[in-house]
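>
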Amino acid sequence: MRRLLGSFERSLSLLNSIPDGVIAQSDSDQLIYMNDAIAHMSGYPSVEAMSNVTVTELLSRLQIMNEHDQLLIATQLPGYLALSGQQVPEHEFRYFNVAADELSWLTLKAQPVFDSNDEVQFTVSIIRDTTQRKQLEARTIELVTERERVKVLQRFVNDMSHDFRTPLAVLSNSLYLMQKNTDPERQQAHADKANHQIQRMEKMLEELLHIARLDENKVKFQLHWTDINAILAPLILEYELISTDKSIDLKFIPESEKCFAHIDQFQFEHIFTNLIENAITYTPNNGKVTITTGTQNGQVLITVADNGIGISADDLPRIFERFYRADQARSANTGGNGLGLSIVQRIVEEHGGQVEVTSVINEGTHFVVRLPI
Ligand code: ADP
Numbered sequence: 152m153r154r155l156l157g158s159f160e161r162s163l164s165l166l167n168s169i170p171d172g173v174i175a176q177s178d179s180d181q182l183i184y185m186n187d188a189i190a191h192m193s194g195y196p197s198v199e200a201m202s203n204v205t206v207t208e209l210l211s212r213l214q215i216m217n218e219h220d221q222l223l224i225a226t227q228l229p230g231y232l233a234l235s236g237q238q239v240p241e242h243e244f245r246y247f248n249v250a251a252d253e254l255s256w257l258t259l260k261a262q263p264v265f266d267s268n269d270e271v272q273f274t275v276s277i278i279r280d281t282t283q284r285k286q287l288e289a290r291t292i293e294l295v296t297e298r299e300r301v302k303v304l305q306r307f308v309n310d311m312s313h314d315f316r317t318p319l320a321v322l323s324n325s326l327y328l329m330q331k332n333t334d335p336e337r338q339q340a341h342a343d344k345a346n347h348q349i350q351r352m353e354k355m356l357e358e359l360l361h362i363a364r365l366d367e368n369k370v371k372f373q374l375h376w377t378d379i380n381a382i383l384a385p386l387i388l389e390y391e392l393i394s395t396d397k398s399i400d401l402k403f404i405p406e407s408e409k410c411f412a413h414i415d416q417f418q419f420e421h422i423f424t425n426l427i428e429n430a431i432t433y434t435p436n437n438g439k440v441t442i443t444t445g446t447q448n449g450q451v452l453i454t455v456a457d458n459g460i461g462i463s464a465d466d467l468p469r470i471f472e473r474f475y476r477a478d479q480a481r482s483a484n485t486g487g488n489g490l491g492l493s494i495v496q497r498i499v500e501e502h503g504g505q506v507e508v509t510s511v512i513n514e515g516t517h518f519v520v521r522l523p524i
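Counting in my numbering, the sequence shown tops out at residue 524, every number present.
#1: Assuming the contact rule is C-beta atoms closer than 8 Å, residue 499 and residue 422 should be a hit. Round their C-beta distance to whole Å, please.
#2: Closer than 8 Å, CB to CB, is residue 267 near chain B or not?
#3: In whole angstroms, what is the alpha-carbon distance linking residue 434 and residue 457?
#4: Grouping DSSP H, G and I as helix and E and B as strand, with all else coil, what is residue 323?
#5: Just mark residue 461 as buried or exposed, buried being the case when its beta carbon has 16 or more other beta carbons within 10 Å.
#6: Just how far apart, CA to CA, sit residue 285 and residue 353?
#7: Given this structure, state the Cα-to-Cα distance separating residue 165 from residue 275, to the nearest angstrom.
#8: Let me know the alpha helix (DSSP H) ranges lying completely inside the stretch 387-438, each 4 residues or longer, listed in chain order.
#9: Going by the beta-carbon positions, is the gap between residue 193 and residue 226 smaller than 8 Å?
#10: Under 8 Å by Cβ, that's how I've got residue 454 and residue 519 pegged, so tell me the actual separation to the nearest angstrom.
#11: Would the C-beta of residue 479 count as close to the ligand ADP, meaning under 7 Å from any of its heavy atoms?
#12: In chain order, what residues of the same chain lie with their CB nearer than 6 Å to the CB of residue 370, ignoring the 5 residues before and after it?
#13: If I'm right that residue 277 touches residue 173 with Cβ under 8 Å, what's the distance once you round it to whole angstroms?
#14: Using beta-carbon positions only, say whether residue 411 and residue 376 come within less than 8 Å of one another.
#15: From what residue to what residue does the alpha helix (DSSP H) around residue 172 run?
#16: Would you say residue 172 touches the ligand ADP, meaning its beta carbon is less than 7 Å from a heavy atom?
#17: Below 6 Å CB to CB, which residues in the same chain sit around residue 430 once its five sequence neighbours on both sides are set aside?
#18: What runs of the alpha helix (DSSP H), each 4 residues or longer, lie entirely inside the stretch 287-361?
#19: For residue 473, which three-state DSSP category applies?
#20: Considering residue 195, what are the terminal residues of the beta strand (DSSP E) in which it resides?
#21: Which residue comes first and which comes last in the beta strand (DSSP E) that contains residue 258?
#22: I'd like to confirm the pairing. Which residues does DSSP put opposite residue 497 in its beta bridges?
#23: I need the straight-line Cα distance from residue 380 to residue 351, nearest angstrom please.
#24: Using a threshold of 8 Å, state whether the C-beta atoms of residue 176 and residue 230 are closer than that.
#25: Using 8 Å as the threshold, is the C-beta distance between residue 487 and residue 476 below it?
#26: Is residue 464 near the ligand ADP, judged by its Cβ being under 7 Å from some heavy atom?
#27: Could you tell me if the beta carbon of residue 513 falls within a distance shorter than 7 Å of some heavy atom in the ligand ADP?
#28: Select from 208, 207, 190 the residue whose C-alpha is nearest the C-alpha of residue 200.
#29: Which residue comes first and which comes last in the alpha helix (DSSP H) that contains residue 486?
#30: In the DSSP assignment, find the unbroken beta strand (DSSP E) run with residue 99 in it and report its ends.
#31: Can you give me the Cβ contacts of residue 236 inside the same chain, cut-off strictly under 6 Å, excluding the 5 residues immediately before and after it?
#32: Quick check: what's the CA-CA separation for residue 310 versus residue 348?
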């Protein structure tokens with residue numbers, strides 16, 4: 152072994168000039184070789200000052216941790232494991248860099264050294280500080296995320312400006328025609344049109360503020376154990392007038408008399424105001440809108456189904472995106488802004504639930520909201 156170690160040391164003398172740490176050990180606790188980099192990493196003034204240092208002492212200096220933040224002990228070191236004759240693949244660990252006085256990263260790779268009888272004499276471990284690479288990776292991820300955020304923001308501002316420009320143009324045109332016209336009836340018609348655009352912009356601003364507050368986690372959800380049938384019944388009643396106007400058959404079918412879930416009533420009402428309004432808006436005259444409640448597999452299920460214009464398979468995966476509107480809805484000129492469903496999805500998720508949609512073009516759409524009980 153002395154001969155093997157001698158030739159190993161000779162070939163490793165060169166390695167004193169490289170930044171990687173190298174140690175050799177012949178049992179769980181005895182260090183038989185280490186280079187300058189190891190002394191530096193573990194905070195010893197020189198290799199000479201480490202002459203009687205054991206593996207355990209070295210570990211107590213380096214404080215190498217596994218993925219569960221537990222300190223490694225000597226028998227868990229790759230160098231010890233390689234004493235059985237196996238090559239131990241490279242592993243990455245966190246450790247405390249004494250010289251830099253900070254938590255750092257290193258990789259450890261160990262290899263057995265055999266004598267002429269194929270017996271393992273000792274193992275050699277290469278220790279590489281990978282902190283800089285790790286920091287660079289983290290910085291790259293941060294930069295990519297930041298770039299994504301800027302892109303999303305740019306798209307958001309573009310969509311928003313575009314969506315405000317349309318009602319503003321109609322508003323300005325209506326005001327101009329109101330001034331030009333002397334006929335009171337026509338003036339009233341233009342005033343109504345202007346008023347409608349103002350309401351549309353108000354709604355959009357409200358929704359934008361709602362989204363911003365949800366994004367900044369400023370909305371405090373007060374969840375209470377509530378009978379959702381008791382909330383939905385009066386809410387649906389509010390839509391009787393507009394559904395009658397369109398001769399739409401609006402129905403509420405609760406599975407049982409009471410149906411309880413933990414909800415924030417205000418936000419819950421917002422979800423169904425949106426889904427029911429959409430169902431009525433995107434269903435032509437004489438259509439049908441049905442709201443049902445029930446329980447299934449420990450969840451409360453609320454469905455809003457219509458037999459309206461439907462959503463194409465291409466549009467379906469995108470309708471929860473901000474400002475996204477299917478072509479059909481755009482051409483129906485319903486004056487929507489594509490923000491409602493993104494808010495619905497956020498609120499449902501804040502309740503720990505999911506919202507799903509299925510739809511067939513010209514046959515109808517089916518939204519299901521699932522909430523945990
Ligand atoms: P909008 O203000 O445009 O209604 P939403 O976010 O509420 O915005 O909905 C996004 C899009 O999803 C709508 O523009 C429409 O294309 C589609 N959509 C939503 N609900 C329905 C429905 N019940 N039937 C058909 N299309 C729907």
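Backbone N, C-alpha and C define an ideal beta-carbon position, used for all residues, glycine too.
Checking against the coordinates, here is how it stands:
#1: Here residue 499 refers to the residue found at position 348 when the sequence shown is read from its first residue. Here residue 422 refers to the residue found at position 271 when the sequence shown is read from its first residue. Confirmed, about 6 Å.
#2: Structure shown: chain B not included; a single protein chain is present.
#3: Mapped onto the sequence shown, residue 434 falls at position 283. Mapped onto the sequence shown, residue 457 falls at position 306. Cα-Cα distance, rounded: 7 Å.
#4: Along the sequence shown, one-based indexing puts residue 323 at 172. Residue 323: helix per DSSP, three-state reduction.
#5: On the sequence shown, position 310 is the one that residue 461 refers to. With 16 or more Cβ atoms within 10 Å of its Cβ, residue 461 is classed as buried.
#6: Translated into the one-based positions of the sequence shown, residue 285 becomes position 134. Translated into the one-based positions of the sequence shown, residue 353 becomes position 202. Approximately 48 Å between the Cα atoms of the pair.
#7: In the sequence shown, the residue the question calls residue 165 occupies position 14. In the sequence shown, the residue the question calls residue 275 occupies position 124. Approximately 15 Å between the Cα atoms of the pair.
#8: 391-396, 416-432
#9: Locating residue 193 in the sequence shown gives position 42, where the first residue counts as 1. Locating residue 226 in the sequence shown gives position 75, where the first residue counts as 1. Contact flag unset, no.
#10: Taking the sequence shown and counting its residues from 1, the one referred to as residue 454 is at position 303. Taking the sequence shown and counting its residues from 1, the one referred to as residue 519 is at position 368. 5 Å between Cβ atoms; contact.
#11: The residue you call residue 479 lines up with position 328 of the sequence shown. Yes; taking the cut-off as 7 Å, the Cβ of residue 479 has a heavy atom of the ligand ADP nearer than that.
#12: Looking up residue 370 in the sequence shown gives position 219. Here the set comprises 364.
#13: Here the question's residue 277 lines up with position 126 in the sequence shown. Here the question's residue 173 lines up with position 22 in the sequence shown. Indeed they touch by this definition, with Cβ atoms about 6 Å apart.
#14: What you label residue 411 is simply residue 260 of the sequence shown in a count that begins at 1. What you label residue 376 is simply residue 225 of the sequence shown in a count that begins at 1. For residue 411 and residue 376, yes; Cβs fall inside 8 Å.
#15: As a first step, residue 172 must be located in the sequence shown, where it is residue number 21. It is not in any alpha helix (DSSP H) - residue 172 instead sits in the beta strand (DSSP E) that spans 172-176.
#16: As a position in the sequence shown, residue 172 is number 21, starting the count at 1. Result no, Cβ not under 7 Å from the ligand ADP.
#17: For the purposes of this step, residue 430 is taken as residue 279 along the sequence shown, with counting starting at 1. Around residue 430: 440, 455, 457.
#18: none
#19: Taking the sequence shown and counting its residues from 1, one reaches residue 473 at position 322. DSSP places residue 473 in coil when its eight states are reduced to three.
#20: Taking the sequence shown and counting its residues from 1, the one referred to as residue 195 is at position 44. From DSSP, residue 195 is part of no beta strand (DSSP E); its letter is neither H nor E.
#21: Numbered from its first residue, the sequence shown carries residue 258 at position 107. 253-265 is the span of the beta strand (DSSP E), which, as asked, contains residue 258.
#22: Counting from one through the sequence shown, the residue named residue 497 turns up at place 346. Answer by DSSP bridge pairing: none, since residue 497 is not bridged.
#23: Within the sequence shown, the letter at position 229 stands for residue 380. Within the sequence shown, the letter at position 200 stands for residue 351. Each residue's Cα considered, the two are about 30 Å apart.
#24: To locate residue 176, count along the sequence shown from 1; it is residue 25. To locate residue 230, count along the sequence shown from 1; it is residue 79. Cβ atoms of residue 176 and residue 230: closer than 8 Å.
#25: Counted from its first residue, the sequence shown places residue 487 at position 336. Counted from its first residue, the sequence shown places residue 476 at position 325. Yes; because the gap between Cβ atoms is below 8 Å, this pair is in contact.
#26: For the purposes of this step, residue 464 is taken as residue 313 along the sequence shown, with counting starting at 1. No, the ligand ADP has no heavy atom inside 7 Å of this Cβ.
#27: Position 362 of the sequence shown, counted from the start, is the residue given in the question as residue 513. No; taking the cut-off as 7 Å, the Cβ of residue 513 has no heavy atom of the ligand ADP nearer than that.
#28: Taking the sequence shown and counting its residues from 1, the one referred to as residue 200 is at position 49. The residue with the shortest Cα to Cα distance from residue 200 is 190.
#29: Indexing the sequence shown from 1 puts residue 486 at position 335. Here residue 486 belongs to no alpha helix (DSSP H), and DSSP marks it neither H nor E.
#30: Outside the modelled stretch of the chain, which goes from 152 to 524, sits residue 99, for which no answer is possible.
#31: Along the sequence shown, one-based indexing puts residue 236 at 85. If we look at residue 236 and ignore the five residues flanking it on each side, its Cβ neighbours are 263, 271.
#32: Numbered from its first residue, the sequence shown carries residue 310 at position 159. Numbered from its first residue, the sequence shown carries residue 348 at position 197. Residue 310 and residue 348: Cα-Cα distance of roughly 17 Å.
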